[in-house]
Amino acid sequence: MRGDCLNKKYEEQVEELSRIWHSMIMEPNYKSVESQFSRIHGLSTVEIGVLRIISEKEDVIIKDIVDILKIPKSTLTSVINRLEKRKLIKRTISSRDKRSYKLVLTQEGILAQEEHIEFEKNFYARIMECLDTCEEREELLKLMKKITYNLRRKGIFQ
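Structure follows, in structure tokens:
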């Protein structure tokens, strides 16, 4: 009987987390964000991830990004094509591997990546501002680290 009660409570907690998560992440009106961060507006999380990787790694080739993001090469090719069309990246022959393309940020891509960093700082600061004390913020970070660690350990995150 006690196990059934715990299972029911657990299921209720999962449903509540889902509601909270979606209300926090999915529902906000991002109109102000769109005007403030126009260079990254409309980019997918994968596209933003590609920009980040290119900005952080020297002489990055397509295979590197496939390995880091764990996505099919065909998916990455589509992402790269979209980023090139928006003039955020360009392909050049890699000096490391002449058979591969090196990906580099254009000036517009550099500005988009800088804007993304600013967006993240702004977004995470808003989350932290919702907590009243330094201790609450530390507790949030501690729990997020624990969640991330356990998701990686279980193979859910790579």
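Under the working numbering, the first residue of the sequence shown carries the number 512, and numbering increases by one thereafter.
For each residue, glycine too, the CB sits at the ideal point set by N, CA and C.
Remember, predicted model here, so these are calculated numbers, not experimental data.
{"Check": "Opposing strand residues paired with Leu-614 [DSSP bridges]", "Outcome": "Arg-602"}
{"Check": "Neighbourhood of Met-512 by C-beta distance below 7 Å, restricted to the same chain and skipping five residues each side", "Outcome": "Because the pLDDT of Met-512 is 45, which lies under 50, any placement of that residue in the model is unreliable, and the number read from its coordinates should be weighed accordingly. No residues qualify anywhere along the chain."}
{"Check": "Whether Gln-624 touches Ser-566 by CB criterion (9 Å)", "Outcome": "yes"}
{"Check": "With 16 other Cβ atoms within 10 Å as the buried cut-off, status of Lys-613", "Outcome": "buried"}
{"Check": "Euclidean distance between Cα positions of Glu-527 and Ile-559", "Outcome": "29 Å"}
{"Check": "Segment limits, alpha helix (DSSP H) that includes Ile-573", "Outcome": "573 to 580"}
{"Check": "DSSP state of Ile-551 mapped onto helix, strand, coil", "Outcome": "coil"}
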